[in-house]
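Novice: Pasting a structure below so you can have a look.
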Amino acid sequence: MDIENKNRVSVEDMKACYAERFPYAPNNQRVGRFAKQIGFRLTKQMVKGQIISFYIKDDISK
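In my numbering, the protein residues as written are 688 to 749.
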């Protein structure tokens, strides 16, 4: 999965990408550190009363 070219990635896709690259079980801390290394940051947004989480590129979020 090539997520480096995307601007927005779901949490599930980021966990799947982590699982492909590393032999460890993906948890929130490991996936978050991996996302930070490749230039993403976690963002939470409320849509219709539900909070959704996704990763966005850190350079476009500033």
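Note that CB positions come from ideal geometry on N, CA and C, so glycine has one too.
In or out: M701 buried (at least 16 other Cβ within 10 Å) or exposed?
Specialist: Answer is buried; the Cβ neighbour count reaches 16.
Novice: DSSP three-state label for K735, please.
Specialist: If DSSP states are grouped into helix, strand and coil, K735 belongs with coil.
Novice: Would V696 pass as a contact of S740 if the rule is Cβ separation under 8 Å?
Specialist: No.
Novice: So F721 is in the alpha helix (DSSP H); what residue range does that whole segment cover?
Specialist: Element bounds for F721: N715 to Q724.
Novice: Report buried or exposed for Y711, applying the criterion of at least 16 other Cβ atoms within 10 angstroms of its Cβ.
Specialist: Y711 should be labelled exposed.
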